[in-house]
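In our numbering, the protein residues as written are 13 to 246.
All C-beta atoms in this analysis are idealised placements derived from N, C-alpha and C, irrespective of residue type, glycine included.
Each remark here refers to the structure printed beneath this line.
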């Protein structure tokens, strides 16, 4: 019997982590359906995800994180799922927190639930460059929407069908699906909640957020995109 909930795992060149992520999710939540979106990886990500028991959807080449997410959203809608959880393939998100996200979303308390690293004493640590960006995005989001969200760039989320139906359209910001998404949902009147979850630092240390030049470029483009989202008519 098909579940009403789909877990999607976007992944790009995650052969070191993807098996563990898939195994953990399937062990903890065998009643949930699971797919990995392989974003044109050049390593063994797809093969290792399949060997761990995941259904794998592969892009022909690297199309970016936002496009990978939207591939998962479209799969969920076209296959009539009512709820979706997204969790990264690099092992930073602890799958044990999936249940907490789903508990909130299935009660109808919110349309989307954000898993936060920065509330209730979470010990997550990240680079100073990334924290600067997060604080700036948090400030701009509050300025533009009046909404206070502590972890505006979290990729660990659960959502209902109303949000999915929106996210498969052209309004979904595939280029910068972070604070932009929260601002968009807030403008359109969706109920957004944030709860504490367990996350770990990136063990491989390959994040662009360790490069100051890339961080500054990303911050500039993200804030510009947020202002454009605020001005855009929907």
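In the three-state DSSP reduction, residue 17 falls in the strand class (E or B). Along the stretch 127 to 210, the beta strand (DSSP E) occurs as fully enclosed runs of 3 or more residues at 169 to 172 and 204 to 208, listed in sequence order. Per DSSP, reduced to three states, the secondary structure at residue 224 is helical. Distance from the CA of residue 149 to the CA of residue 45, rounded to the nearest whole angstrom, comes to 33 Å. By the C-beta criterion, the stretch 179 to 189 is judged not to be in contact with the stretch 65 to 72, since fewer than 3 inter-stretch pairs fall below 8 Å. Per the coordinates, the alpha-carbon of residue 39 lies some 27 Å from the alpha-carbon of residue 52.
CA-CA distance, residue 86 to residue 176, rounds to 8 Å. Residue 191 is positioned such that its CB atom lies closer than 8 Å to that of residue 153. With a contact defined as Cβ atoms closer than 8 Å, residue 126 and residue 99 miss out at about 13 Å.
At least 8 Å separates the beta-carbon of residue 234 from that of residue 129. According to the DSSP assignment, residue 99 belongs to no beta strand (DSSP E), since it is labelled neither H nor E.
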